[in-house]
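Shown next, in structure tokens, is the structure this report addresses.
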Amino acid sequence: MEINLAATFQNRDNLEQAAEVLKLQGVLDIKFDNGFVPNSDHQADTFIQSVGSLAAEPSFALKVSVEKSRYRQAEDTIIKYGGQLH
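Quick note: the working numbering has the sequence shown finishing at residue 781, numbered continuously throughout.
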């Protein structure tokens with residue numbers, strides 16, 4: 696069974712680090728937007744959404760699809776790299 700996670704990051708470098716670790720953990724899909732492509736070669740489709748808000752700092756959104764058995768591991772990885780789960 697597939698489960699989707701959504702998170703935002705305040706720092707692009709943290710987002711890239713989290714995406715790289717998630718890729719190594721075997722996530723099914725990582726999505727980004729706005730033409731942003733992580734420095735690594737991802738085989739998954741990309742969709743990062745830059746959130747336009749009133750905050751002074753930009754916020755970057757990440758959507759990840761994982762197997763149910765890897766859900767907790769993906770959550771822990773996102774939090775470890777400063778992501779806020781939604």
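Don't be surprised by glycine CBs; every beta carbon is placed ideally from N, CA and C. If you're wondering where the values come from, they're calculated on a predicted model, not measured in any experiment.
What is the DSSP secondary structure of Leu710, reduced to helix, strand or coil? In the displayed model, Leu710 falls within a helix according to three-state DSSP.
Three-state secondary structure (DSSP) of Val722: Coil.
Taking Ser760 as the reference, which of Arg707, Phe704, Gln720 and Asn709 has the closest Cα? Gln720
DSSP three-state assignment for Gln779, whether helix, strand or coil: strand
What's the gap between the Cα of Asn699 and the Cα of Gln712? 19 Å
Compare the beta carbon distance of Glu762 and Leu717 with 9 Å and say whether it is the shorter of the two. no
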